[in-house]
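Asks: Sharing a structure here in structure tokens format.
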Amino acid sequence: MESEEFGDLLANKKSDFHQDHHHNDTFITKYIFSQDHKMIAKQYLITGVLFMGFIGVAMSLLFRLQLAWPEQSFAVFDIFLGKWAPEGVMDPNIYLALVTIHGTIMVFFVLTAGLSGTFSNLLIPLQIGARDMASGLLNMISFWLFFLSSVIMIASLFVEAGPAAAGWTIYPPLSALPQAQPGSGMGMTLWLISMAIFVASSLLGSLNYIVTVINLRTKGMSLFRMPLTIWAFFVTAIIGVISFPVLLSAALLLIMDRSFGTSFFLSDIFVQGEVLHYQGGSPVLFEHLFWFLGHPEVYIVLLPALGITSEIIATNSRKPIFGYRAMVASILAIAFLSTVVWGHHMFISGMNPFLGSVFTFTTLLIAIPSAVKAFNYITTLWKGNLQFNPGMLFSIGLVSTFITGGLTGIILGDSTLDINIHDTYFVVAHFHLVMGISALYGLFAGVYHWFPKLFGRMMNKNLGYIHFWVTAISAYGVFFPMHFIGMAGLPRRYYTNTAFPYFDDLADINVIITVFALLAGAAQLIFLYNFISSMFYGKKASKNPWKSTTLEWTAPVEHMHGNWPGKIPHVYRWAYDYSKPGHEEDFIPQTVPLGENEDITEH
Amino acid sequence: MIALITGMVLILMGIAIWQISNIYKLIQNKMGKEKDDSQIANEKDNDTQGKLMFAFLVFIYLVTIYCFWAYTKVLLPESASEHGVPYDRLLWISFAIILFAQTITQAVLHYFAYKYRGINNRKAFFITHDNNLELVWTVIPAFVFFGLIIYGMVTWGQIMNFDDQDEDALVIELYAAQWNWKARYGGQDNVLGDANVRFLNDFDGRNSVGIDSSDPNGWDDIVVSQEFHIPVNRKVIFKMRSQDVLHSAYMPHFRAQMNCVPGMITEFAFTPTITTADMRMNPDVASKVERINKIRYDNSQELIANGEEGLEPYQFDYLLLCAKICGSSHYNMQMKIIVDSEKDYNKWIQQQPAFSSIMQ
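Listed in order, the protein sequences are those of chains A and B. Using my numbering, the first residue of the first sequence is number 4, and each one after it goes up by one. Using my numbering, the first residue of the second sequence is number 8, and each one after it goes up by one.
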């Protein structure tokens, strides 16, 4: 209790500070170098999701065209790839570069920074009842470091020899030696610098989220009254702080190998007629370091999406989320286990086979809390009164793809079965469904649901419906057949599959996949249009359009410094009192004190 | 010019979407007795979307059924290695479990979405948790996974913990480089001589896998490219090396894969059980080859019509592919594997020149 009061005091003190300076905003401090968490959330949304997302998705469409109609000439290649598509035919090196940058942008820039950056920033202060983040300045620096890293990543597309092309996992020696591929020159240097800055940005952001959640909760907001969104963002930030520094160290060692002649990851190499001096390093060490971040990264991407979905499914089912404590326990279990499963990416890397058994064990363990979450979502729908707002559709879509994609993880997580499907399209189908599409659905759900909070206007629901259904059908259309070409033995990251007559009968399937991918891409234009037009011309939102219980909907629609005029609201109940018997309305906001004869909800 | 046209197309697409939304508004104005532009789902939306959710379940089922019906024929044929048999069994057991879970959970998810679509003035059933239920759906997956883990670990152990010193086994080195494979046999003594990338430039660069000529074990070694032969029903221990970047030796028909890592030697072993000749007779393989040749024939007609050369007809062979991104020609790093009878293998290997012939 003591700490809560202290937090309250701190927060109120902050409010005085904010009110003093309320009128000194210039254009620059309000829209550009803003320290207000709501503005920073919008900056992340527009830079991370709309801008970087557009580029990431567009790249995938380019290489999908090449895969469906290999080595054909396309006008779009001529326009966007220029010298890398002589006569409109894509070059193999730029194909690998597109695959690499698509992966990098989608995983880090869109689904890590875009997703966490937007919703952690927007919702943590608003849902726990704080005036702002613990440190507005660090928060601002975090965004601008992210912006800088985005600029460097985009700039790397324009260097002479092309951008990084060693896959988003940038395994050395391929990524270390410019002699091995042109993308490993300046392009890779910029990639590494961009990611180093990205890690710094991510760490500043995560530390801020953790400190804010621990210290700035309003009176009455005990840990087990927090909405699941906050639990998810909080735990995600912790995983980020634990694992991102390891990526930084891997990147630094790689920079040293590349530029200063060290041999951390390199040994016994002969390339372009020359024996290199490197001795004693091991690429397997890099794989360990990379995946020590890389696997938790999957959950850094996914947990916020699951948190968002928990909130939206409960609100739109008009029911408490089923098994709140089980959900929290699952988040914690997933977070812990996510740091001890990285080896399942390396079953056949040459590491000791005994480790393979260990990682198979931990990997299948992590399936248990994941299954619990899926069952809890489904049971939340049971006997609800479902309101199919676009956010709700995307949330249900997430549960669907999370199950479909998660189940094939049982196959890939088994070291034995991994032998023959490792690095085939089966893997691509699996992780796109379970973390790519699922996290994107969570992101879309969040945007539709909190758009009124972000911009004070509603998004068009009918366009939202079209967006969802076209995307949902295309997503399965793309990734379901992809499992089969993987099980047929087709390795991923092949520029064309025509070099092997054995794969000739997979060409038709590749065409189908590309057609669905193009359709999915087109559907995102509907979203983009809806987003931009609603930002300016959307219907003005009311204060609490979805009749939700959480604190952010008690704040005024017009954004203001410090979030609430007057005192910070206090909290008297958990976040999920929907359809509680004995009440007229089907929701009771957290700020409403217990009624005279009302029992506190056991959860 | 093309940029201008692209720009125009984008603008027109924008206008099209804008018009579609206008049409929606018009329809709503016409249809709705009172205009509802709150942009919040109403009873009608709930009804439509709930029904679409059910339709989507049907869609998922249809896609699943279609894929299995249409694409089972492209999958790998029966395993040509001994350990591939338990591998395939485990794969299909896992698949059965997955499909079962998928069918049930998707059904429940989408059925609930349809069944409980919102109706005005109905109140949802208030329930917060049920510990027994949580226990049930924690324990059941735990047991299923436990079974799979045990099965997987036993199989994994059998595959990976082979006897390195097995005298009867044939030792072959698979040597990866950008972008080709080579295979090295131990020769008469079945022992591979020491090798290192430092020796690659020896003998005017003809020492293609870098054998150390000071190690007598290497003098009788045999290096081949394009294709390598192995005798049926004899265990083969593969030692993988790479000369430049990471590669992965992937032999899908034998359910075998291992990365090739510069600076270290990795290992994998299997016993081939079906000769290339027999595999070509396998009905699945025969029909696949027939289909592929039909496709190639059609493509050839098109090529010939354009004045280009037609494609050669295809004949089945086992493959060694690279499955780890390794640069621009990653997509075309291949080697043929021929599984021979013992007799044919011996005949073939005797015709191959030993390293000593290069040393002179």
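Heads up, the beta-carbon is just placed ideally off N, CA and C, and yes, glycines get one too. Remember, predicted model here, so these are calculated numbers, not experimental data.
1) If you draw a straight line from the alpha carbon of A:Leu292 to that of A:Trp171, how long is it in whole angstroms?
2) Could you spell out where the beta strand (DSSP E) holding B:Tyr68 opens and where it closes?
3) Mind checking the region 167 to 187 of chain B against chain A and listing, in chain order, the residues whose C-beta falls within less than 7 Å of any C-beta there?
4) Starting from the beta carbon of A:Gln184, find every residue of chain B whose beta carbon is closer than 9 Å, and list them in chain order.
5) Please compile the residues from chain B whose C-beta is within a distance smaller than 9 Å of the C-beta of A:Ala475.
6) Span of the alpha helix (DSSP H) holding A:His573?
7) Apply the 10 Å Cβ neighbour rule to B:Thr283 and answer buried if 16 or more other Cβ atoms are within range, or exposed otherwise.
8) For chain B, find out if any of its Cβ atoms is closer than 8 Å to the Cβ of A:Glu605; answer yes or no.
9) For a contact meaning CB atoms closer than 8 Å, what does A:Ala502 contact in chain B?
10) Quick one: Cα of A:Ser18 to Cα of A:Lys33, how far?
11) In terms of residues, what are the limits of the beta strand (DSSP E) holding B:His254?
12) Judging by CA-CA distance, which residue of A:Ile571, A:His280, A:Tyr497 is the nearest neighbour of A:Thr103?
13) For the region 289 to 306 of chain B, which residues have a CB atom closer than 7 Å to at least one CB atom of chain A, in sequence order?
14) Listed from N- to C-terminal order along the chain, which residues in the region 121 to 138 of chain B have their beta-carbon within a distance smaller than 8 Å of any beta-carbon of chain A?
15) Using a Cβ cut-off of 8 Å (strictly closer), state whether A:Lys583 contacts chain B.
16) Quick one: what's got a C-beta closer than 6 Å to A:Phe146's C-beta in the same chain, skipping five residues either side?
17) Along chain B, in chain order, which residues have C-beta atoms closer than 7 Å to that of A:Ala377?
18) Name the residue from A:Gly51, A:Val304, A:Ala71 whose alpha carbon lies nearest to the alpha carbon of A:Ala520.
19) Report all residues from its chain with a CB closer than 7 Å to the CB of A:Glu555; omit the five preceding and five following residues, and keep chain order.
20) Contact between the region 373 to 392 of chain A and the region 313 to 326 of chain A is defined here as three or more beta-carbon pairs at a separation below 8 Å; is this criterion met?
21) Using a Cβ-Cβ cutoff of less than 7 Å, which residues in the same chain neighbour A:Pro185 once the five nearest sequence positions on both sides are dropped?
22) Indicate whether A:Thr239 and A:Leu306 have their beta-carbon atoms separated by less than 8 Å.
23) Would the beta-carbon of A:Lys41 fall within 8 Å of that of A:His562?
24) Using a Cβ-Cβ cut-off of 8 Å, state whether A:Asp602 counts as contacting chain B.
25) What is the C-beta distance between A:Ile515 and A:Pro484, in whole angstroms, given that I count them as a contact (C-beta under 8 Å)?
26) Work out the CA separation of A:Val431 and A:Glu90 for me, nearest whole Å.
27) Assign B:Trp226 to one of three DSSP states: helix, strand, or coil.
28) Taking a cut of 9 Å between CB atoms, which residues from the region 82 to 96 of chain A lie near chain B?
29) Can you look up B:Glu316 in the DSSP assignment and give me helix, strand or coil?
30) Check this for me: beta carbons of A:Pro181 and A:Phe289, under 8 Å apart or not?
31) Beta strand (DSSP E) containing B:Phe245: first to last residue?
32) Kindly give me the distance between the Cβ atoms of A:Gly445 and A:Leu255, rounded to whole angstroms, as I take these residues to be in contact under 8 Å.
33) Would you call B:Trp76 buried or exposed, if buried means 16 or more other Cβ atoms sit within 10 Å of its Cβ?
34) Taking its Cβ as the centre, do 16 or more other Cβ atoms sit within 10 Å of B:His236, making it buried, or is it exposed?
35) Between which two residues does the alpha helix (DSSP H) containing A:Met224 stretch?
36) Do A:Glu300 and A:Val518 come within 8 Å of each other at the CB atom, strictly closer than that value?
Replies: This is what the structure holds:
1) Translated into positions along the first sequence, residue 292 of chain A becomes position 289. Translated into positions along the first sequence, residue 171 of chain A becomes position 168. So the two alpha carbons sit approximately 14 Å from each other.
2) Your numbering for residue 68 of chain B matches position 61 in the second sequence. Per DSSP, B:Tyr68 lies in no beta strand (DSSP E); the unbroken alpha helix (DSSP H) holding it starts and ends at 50 to 78.
3) Met167, Asn168, Gln185
4) Counted from its first residue, the first sequence places residue 184 of chain A at position 181. Within chain B, the residues near A:Gln184 are Gln185, Val252, Cys333, Gly334, Ser335.
5) As a first step, residue 475 of chain A is located in the first sequence; it is residue number 472 there, counting from the start. Phe63, Phe66, listed in chain order.
6) Your numbering for residue 573 of chain A matches position 570 in the first sequence. First-last for A:His573: undefined, no H or E at that position.
7) Here residue 283 of chain B refers to the residue found at position 276 when the second sequence is read from its first residue. The residue is buried, with at least 16 neighbouring Cβ atoms inside 10 Å.
8) Within the first sequence, numbered from 1, the residue matching residue 605 of chain A stands at position 602. Chain B contact via Cβ: present.
9) What you label residue 502 of chain A is simply residue 499 of the first sequence in a count that begins at 1. Within 8 Å Cβ-Cβ: Tyr338, Asn339, Gln341.
10) For the purposes of this step, residue 18 of chain A is identified with residue 15 of the first sequence, where counting begins at 1. For the purposes of this step, residue 33 of chain A is identified with residue 30 of the first sequence, where counting begins at 1. The predicted model places A:Ser18 with a pLDDT of 48, which falls under 50 and marks its position as unreliable; any figure quoted below should be read in that light. Taking the straight line from one Cα to the other gives about 17 Å.
11) Numbered from its first residue, the second sequence carries residue 254 of chain B at position 247. Per DSSP, B:His254 belongs to the beta strand (DSSP E) from 254 to 258.
12) Position 100 of the first sequence, counted from the start, is the residue given in the question as residue 103 of chain A. The shortest C-alpha separation from A:Thr103 is found at A:Tyr497.
13) Lys295, Arg298, Ile299, Ile302, Arg303
14) Tyr123, Arg124, Gly125, Ile126, Arg129, Lys130, Ala131, Phe132, Phe133, Ile134, Thr135, His136, Asp137
15) On the first sequence, residue 583 of chain A is found 580 positions in, with the first residue counted as 1. Flagged as an interface residue toward chain B: A:Lys583, by a C-beta distance shorter than 8 Å.
16) Taking the first residue of the first sequence as position 1, residue 146 of chain A is located at position 143. Closer than 6 Å at Cβ, skipping near neighbours: Ile43, Gln46.
17) The sequence position of residue 377 of chain A within the first sequence is 374, counting from 1. Near A:Ala377 (Cβ distances below 7 Å), the residues of chain B are Thr112.
18) Reading the first sequence from its first residue, position 517 is the one you call residue 520 of chain A. The alpha carbon of A:Ala520 has as its nearest neighbour, out of A:Gly51, A:Val304, A:Ala71, the alpha carbon of A:Ala71.
19) Within the first sequence, numbered from 1, the residue matching residue 555 of chain A stands at position 552. Cβ within range, chain order: Leu126, Leu129, Gln130, Lys456.
20) yes
21) Numbered from 1 along the first sequence, position 182 holds the residue referred to as residue 185 of chain A. Result list for A:Pro185: Asn96, Ala164, Gly165, in chain order.
22) As a working mapping, residue 239 of chain A is identified with position 236 in the first sequence. As a working mapping, residue 306 of chain A is identified with position 303 in the first sequence. Contact: yes.
23) Mapped onto the first sequence, residue 41 of chain A falls at position 38. Mapped onto the first sequence, residue 562 of chain A falls at position 559. Result yes, Cβ atoms of A:Lys41 and A:His562 sit closer than 8 Å.
24) Counted from its first residue, the first sequence places residue 602 of chain A at position 599. Not one chain B Cβ lies under 8 Å of A:Asp602.
25) Within the first sequence, residue 515 of chain A is the residue found at index 512, counting from 1. Within the first sequence, residue 484 of chain A is the residue found at index 481, counting from 1. Right, the Cβ-Cβ distance comes to about 6 Å (below 8 Å), so this counts as a contact.
26) Translated into positions along the first sequence, residue 90 of chain A becomes position 87. Translated into positions along the first sequence, residue 431 of chain A becomes position 428. If I take the Cα positions, the gap works out to 30 Å.
27) Indexing the second sequence from 1 puts residue 226 of chain B at position 219. Coil, per DSSP.
28) Considering only beta carbons, the part of the region 82 to 96 of chain A lying closer than 9 Å to chain B consists of Ile82, Asp94, Pro95, Asn96, in chain order.
29) For the purposes of this step, residue 316 of chain B is taken as residue 309 along the second sequence, with counting starting at 1. B:Glu316 falls in the coil class under three-state DSSP.
30) Locating residue 181 of chain A in the first sequence gives position 178, counting from the first residue. Locating residue 289 of chain A in the first sequence gives position 286, counting from the first residue. Taking 8 Å as the Cβ cut-off, A:Pro181 and A:Phe289 do not qualify as a contacting pair.
31) Residue 245 of chain B sits at position 238 when you count from the first residue of the second sequence. 243 to 249 is the extent of the beta strand (DSSP E) around B:Phe245.
32) Position 442 of the first sequence holds residue 445 of chain A. Position 252 of the first sequence holds residue 255 of chain A. Actually they are not in contact, since the Cβ atoms of A:Gly445 and A:Leu255 sit about 32 Å apart, beyond 8 Å.
33) Looking up residue 76 of chain B in the second sequence gives position 69. Answer is exposed; the Cβ neighbour count stays below 16.
34) Sequence index remark: in the second sequence, residue 236 of chain B carries index 229 (1-based). Looking at its Cβ environment, which holds 16 or more other Cβ atoms inside 10 Å, B:His236 is buried.
35) Translated into positions along the first sequence, residue 224 of chain A becomes position 221. Element bounds for A:Met224: n/a, residue is neither H nor E.
36) Here residue 518 of chain A corresponds to residue number 515 of the first sequence, with the count starting at 1. Here residue 300 of chain A corresponds to residue number 297 of the first sequence, with the count starting at 1. Not in contact: A:Val518 and A:Glu300 (Cβ atoms no closer than 8 Å).
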